[in-house]
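Working notes, beginning with the structure itself.
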Amino acid sequence: MTIITRALTAAVTALAHITLSCASSSSSSLVASSSVHYDLCSEHYQHGKSICMMANRDIYDGEWSANMPQGKGEMKYKDGREYSGDWLEGKHNGKGTFKWANGNVYVGEFSNNMRHGNGELKYKDGSEYSGEWLKGKLHGKGTFKWANGDVYDGGWSVDQLHGEGNMKYRNGSEYSGEWVDGKRHGEGTFKWANGDVYDGGWSV
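This is the structure:
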């Protein structure tokens, strides 16, 4: 009985050791396969094409020149934002697409990391703007469609309706004329949905 007991104990111990080893090996393999490891961009002089992690943990995949993103590339920021497009000396320059973590998406031109030139911004609430930009602001000529159905087509200045423009309201009313800082100001015509019309001067 002593010999049998000793043999049985040894067998159980061996089986437990094998089971533990297999579980440990399986767990280690799972972690390795589910994790993506990137070299730090600062570890090597970057020139050509590569994918690596910035010091702040943003991930860049694309072209480099003189240790700076330049050419075509995609940056995935740690806060959920993404940019894909043209780069110049480490900045968004040219044409590209920028996606915010909240769902807003801009497609168009950039200069020094800012929306600049022509582009379209679609907001998560369904609103959208298509037109000209200046240093990140709605500026120039453009069309804004609000989620509630209102539509403005005309001039803009630093995110404000400004200059000549036409506003069609969701209730059927319409104004066509001059605007100053987002207000009807100057000469313009307002047509109410019931058919009434006013043509003349406006003041804030």
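For the sequence shown, the working numbering gives the first residue as 141, with consecutive numbering after it.
Quick reminder that beta carbons are idealized off the backbone N, C-alpha and C, glycines included.
In the three-state reduction of the DSSP assignment, S182 falls in the helix class, which pools H, G and I. The beta carbons of N288 and R310 sit closer together than 9 Å. S251 and Y315 have their C-alpha atoms spaced approximately 34 Å apart. Here Y223 is buried. Its C-beta has 16 or more other C-beta atoms within 10 Å. Per DSSP, S251 is one residue of the beta strand (DSSP E) stretching across V245 to S251. Each residue's CA atom was taken as its position, placing V298 and H279 some 5 Å apart.
Under a 10 Å Cβ-count criterion, E183 is classified as exposed, with fewer than 16 other Cβ atoms of the shown protein chains found around its own Cβ.
The C-beta distance from K218 to R197 rounds to 5 Å, short enough to fall under 8 Å. Nearest Cα to F238 within the set E268, N253 and K331: N253. Your pair W332 and S313 checks out as a contact, with CB atoms roughly 5 Å apart and the cut at 8 Å. In the DSSP secondary-structure assignment, S267 is not bridged to any residue. DSSP places D198 in the coil class of the three-state scheme, outside both helix and strand.
For S224, the three-state secondary structure derived from DSSP is strand. DSSP places H187 outside both helix and strand once states are collapsed to three, so it counts as coil.
Rounded to the nearest angstrom, the gap between the Cα atoms of L301 and M307 is 10 Å. Bounds of any beta strand (DSSP E) do not take in W286, whose DSSP letter is neither H nor E.
By the 16-neighbour rule on beta-carbons within 10 angstroms, Y338 is exposed. Cβ-Cβ separation between G322 and W342: approximately 13 Å, too far for a contact (criterion under 8 Å).
In the structure shown, the three-state DSSP call for V298 is coil. Closest in C-alpha terms to Y200, from the list G294, M215, L228 and V245, comes M215.
For K331, the uninterrupted beta strand (DSSP E) segment begins and ends at K323 to K331.
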